[in-house]
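Only one structure is covered here, and it is reproduced in the block below.
Chains as they are written, first to last, in my numbering: chain A, 234 to 939; chain B, 1234 to 1810.
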């Protein structure tokens, strides 16, 4: 019987990563091709061809394709969005202009607000009005909608967003306006706020709707191109896209609601960490992905990645509340909670006007790259510092693909850092690494401590080309239980594409006090959300037995305005008559009080609580590929021993002779005692003195303190 | 701390509009770190916390205590800004809230803690409370003395050894209209200090108090070095300008502000001598408010990456004669002091514009545009109070227009979402849009002001505490001033013009329309690129008539083409798509 394969393709800024898994054996092929930003679909096909060639299989053996892409984000950031119109309630035409009325940077006298994605001339207010309960105060003026539609048609818009006040409670006017618009402007796609993001707070809902609709044409075309080419080549697989929340959805669903995939790429790494952690018995994991320009930290609790609902497309900082709020376009769709900082192998070290060594956020990137690449870069980077400290092998970087010049690294650090600071080059190099580590520790704390979690209860899973170089030190600082370095860390992220489920998030605002809850209405609303989710999954070909539902509710104390999301039932799906529901509500209430204490350090169990949003996630389960085990136990270190190299460790007050191992020759059960270094093609793992690393049966390195 | 406060607060003003601030002080009461989104708070805690702690006596503070105060004449600002200060004792991780679990560093026993107590510093947070009693809902309005403005809280213990002091709590809440919200906001303030104490203790445990203290000293020294290094790039000399707040709320006599900046190697001296004597009217700024206005100006001239702590403040010196509107004395009312302080920032920037023309914007909104209202809730009968501030136009800059409808200078509070407001309060917002043609014309025009209309179906009290209905924000280098603000009752029929500092009693069906000013223009309007004028006309921001009259550009609204009306440089520009 022919094997079945799954193909994952993740398009990044510089490279397109591809991964192919044999579902039966777990055998993996990975590869990289250059991205083709002018026509990303071409890079996709290049990557697919390469994988098929390497595995020597025919296209019809692939039955599932999952795609991670930045096409949606890039369209917004680069302003390559469809010509879009905006229809709202009369009197509120300027929602997109006024935004949150704040400056993204407090002291910058030259600041700009994000430019509205719809110019004012294409924004129209039409008479209609609902009150906060959804009662009609002013009926929809259909003539005004018709007139606006005709203007928009004349202006040649390709997309129209509709957002009326309080439409999240009652979509009647939006639905009607949508019909009129579709009739009069048949060539434009129309998105309704009550459909895309039915939650209160008008600017955020409007912004989500506008983002969704203005990227719809470009995303739909792009996915269509890929689909056509794949089909033409005989690849008739199920085609899925990674969502920002870590679930996947079909090309066709993605073409209608692309706002759910704006953070498609970064989500994959956290999903990989979730899957791998769960497989190894670690359900509480902090994921740490460090590449060439940035490092990203995510948090997984009880096998579930943390999700945020506050995200801005195109904003610079990603650590929740801060001075940079207002710098982008907010969306209110679920996004995996990531703290991203400008620290990667290419981050540049410099001395500031106060005489202090700094690292990043400027990056030398891949071109010209670190000084040691000798490709024209003169600025010292984290990679240069690691090279000077002996942690990187100059002749085995990317398996030897790039030769590193240690003298160039030395000179760069000497000129830019050591001399101005009056330090030894080695100490400056160590300083660069430790400053970068401090910034990364801060990111790990932000994603854990700031969210109310104790990092000591978590394992750190480190991947990306540079993650394993630094992970041991970071884990030591945050006192993580252990560090897991998956095999082939450079491709871990792409692996995430192939280990997730189909997911559809359906939400509905229903503001009710918990002690005055109308259980029938609650149940009815959830059932209607469930039906929507079920139908969507069935259309996508999921069988009844592979479908499950998660019910969650957003709760807050009456009078607050930030909600916490808690699970309502353990995914059983059916909430049968009232008694059970009441106990479920009570459990949810307990969970809410607990979550409030975790997040803010106190709770008030006597205060009245209200429901705000109902959230239903419909999950279509996809069988996970099984992990491949190493061939038997082989605790013999000898054959993996490559060399002894002089490596700097502060714990040893300088350079020490450090054994270097070849990861591909380490057998299951091997235990390495730090200091030690393990090299593989796409990464290098540093094991510090006081730590040991054990190879598990799947080939993961598990670092622990001894 | 900041996140704990914001997320768990009850009032829209704190939770959504982010009107709060957090800080950490060392044991010598030097500010070490601050977290805020409102630069008006730059000086608030810096001035206030040391004075309050000294007044109360650090020796009277035990672990788990927290003192509360809003005293304007002890280094505070207006009464709505209430500060909670907690000492941080090393070795004592006892939190100041009874039901809090100690998850970081909970290993120490009570006994052990008592033995190793050592004061390390203080955490503090300030939050703008929607209502603190006084003469009108939301505690803003025009009064003659501070005692009419609301409850004055001298430093008192709100929390003693981890327990809320119920007598104090009840006494304070007894003066306040929106009790439920305010009680929730106080709990959030307590939670924020708890978080601060807990995190600092975790840090002290990990690194040791001695090492942390050394690092704090180095941080302050480093900040001072960087501030000095950056100061060296500023032009040296004395730069002066003056300007006015339109009126004081009781008389139409403008309030004069005289501002002088002396920049030399030792820092910046802000000399405000010559500003008007204080008024028996709400426009008086306390020293702390004035301090914030000056610190903000310096901060925006330097590298934004420089931290804000004692190392920065050491280089700020202020001369503000007591008894004037920039350093008022008791019992002057203070609630409108923000109007004075934000205008002061605008005037200081104007003073140095001639020597830093590439950095300084034309006049901005520079008024707080405060709205407060309240009543008995028509359905529940419970008293409610609501407060918010509105954006206006920003000034044009050397290479860009002033952004439309945005907060400026010390103020960066968000708008309250209309839907959230209508869900929580019995009011309806009928309009929220830009005010067309309100820009100060210029080569780079000022931003547009905005309009917000409030409709009430019940009797309510409505207060406007604002300015700029007489003179719009100044233009620079040939740019024109922005359009003035307008305040009116029932804009569509039987319209009554309202003043900028008034409280009105509304009948059911009344609408208040609040229209903020536009920003000043930068450079002569006739130098503006006709394509930009065309864009503004197409977007309905500028009318064709004004385009022709002020900018000298005729727009053909059929073909969307722009033509320079000036005959000397007759040229036709085809429309951009």
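Every residue gets a Cβ at the ideal spot worked out from N, C-alpha and C, and that includes glycine. Remember, it's a predicted structure, so these values are computed and weren't measured experimentally.
- In the three-state reduction of the DSSP assignment, residue 1623 of chain B falls in the coil class, being assigned neither a helical nor a strand state.
- Spatial neighbours of residue 1662 of chain B in its own chain (CB-CB distance under 8 angstroms, excluding positions within 5 residues in sequence) are listed in chain order as 1651, 1654, 1655, 1685, 1686, 1687 and 1688.
- Secondary structure at residue 637 of chain A: coil, using DSSP grouped into helix, strand and coil.
- Judged by DSSP in its simplified three-state form, residue 595 of chain A adopts strand.
- Along the region 1459 to 1481 of chain B, going in chain order, the ones with a CB nearer than 8 angstroms to a CB of chain A are 1459, 1462 and 1463.
- The Cβ of residue 330 of chain A sits closer than 8 angstroms to at least one Cβ of chain B.
- Collapsing the DSSP output to three states places residue 457 of chain A in a helix.
- With contacts defined by Cβ atoms closer than 8 angstroms, residue 1301 of chain B and residue 1317 of chain B form a contacting pair.
- For secondary structure counted as the alpha helix (DSSP H) over 4 or more consecutive residues, the region 1711 to 1789 of chain B holds these complete runs in sequence order: 1763 to 1771 and 1777 to 1782.
- Taken in chain order, the whole alpha helix (DSSP H) runs of length 4 or more contained in the region 485 to 553 of chain A are 497 to 513.
- Secondary structure of residue 728 of chain A (DSSP, three-state): helix.
- Not one beta carbon of chain B lies nearer than 8 angstroms to the beta carbon of residue 369 of chain A.
- Take the alpha-carbon of residue 1666 of chain B and the one of residue 1676 of chain B: they are about 24 angstroms apart.
- DSSP places residue 263 of chain A inside the beta strand (DSSP E), whose first and last residues are 261 to 267.
- One alpha carbon belongs to residue 915 of chain A, the other to residue 666 of chain A, and they sit about 20 angstroms apart.
- Ranked by Cα distance from residue 1276 of chain B, the first of B:1558, B:1574, B:1794 and B:1372 is B:1574.
- Between residue 426 of chain A and residue 364 of chain A, the alpha-carbon positions lie close to 16 angstroms from each other.
- The region 763 to 777 of chain A makes no contact with the region 787 to 801 of chain A: fewer than 3 CB pairs, one atom from each, lie closer than 8 angstroms.
- Within the DSSP bridge table, the entry for residue 1662 of chain B names B:1687 as partners.
- With respect to residue 580 of chain A, residue 561 of chain A sits apart: the two C-beta atoms are not nearer than 8 angstroms.
- DSSP, reduced to helix, strand and coil, places residue 437 of chain A within a helical segment of the structure shown.
- The C-beta of residue 352 of chain A comes closer than 8 angstroms to at least one C-beta of chain B.
- In the pairwise beta carbon analysis, the region 1698 to 1713 of chain B is classified as touching the region 1473 to 1489 of chain B: at least three pairs are separated by under 8 angstroms.
- By the neighbour-count definition (other C-beta atoms within 10 Å, threshold 16), residue 1454 of chain B is an exposed residue.
- Here residue 1474 of chain B carries a strand assignment [DSSP, helix/strand/coil].
- From the beta-carbon of residue 424 of chain A, no residue of chain B is found nearer than 8 angstroms; the closest lies around 19 angstroms away.
- The DSSP assignment places 1351 to 1361 and 1389 to 1393 as complete runs of the beta strand (DSSP E) inside the region 1337 to 1412 of chain B, in order along the chain (cut-off: 3 residues).
- Beta-bridge partners of residue 926 of chain A (DSSP): A:905 and A:936.
- For the set B:1594, B:1699 and B:1771, the Cα lying nearest the Cα of residue 342 of chain A is the one of B:1594.
- Unbroken alpha helix (DSSP H) stretches of 4 residues or longer found wholly inside the region 695 to 752 of chain A: 700 to 711 and 725 to 728, given in chain order.
- Contact annotation: residue 1751 of chain B and residue 1643 of chain B have beta-carbon atoms that are not nearer than 8 angstroms.
- Annotation for residue 305 of chain A: 448, 452, 491, 494 and 495 place their beta carbon closer than 6 angstroms to its own, counting only its chain and skipping 5 residues before and after.
- Per DSSP, reduced to three states, the secondary structure at residue 1591 of chain B is coil, with no helix or strand assignment.
- Annotation: the continuous alpha helix (DSSP H) that includes residue 1533 of chain B extends over 1520 to 1534.
- The beta-carbon separation of residue 1362 of chain B and residue 1313 of chain B, rounded to 5 angstroms, stays under the 8 angstroms limit for a contact.
- Among the residues of the region 1684 to 1695 of chain B, those with a Cβ less than 8 angstroms away from any Cβ of chain A are 1686, in the order of the chain.
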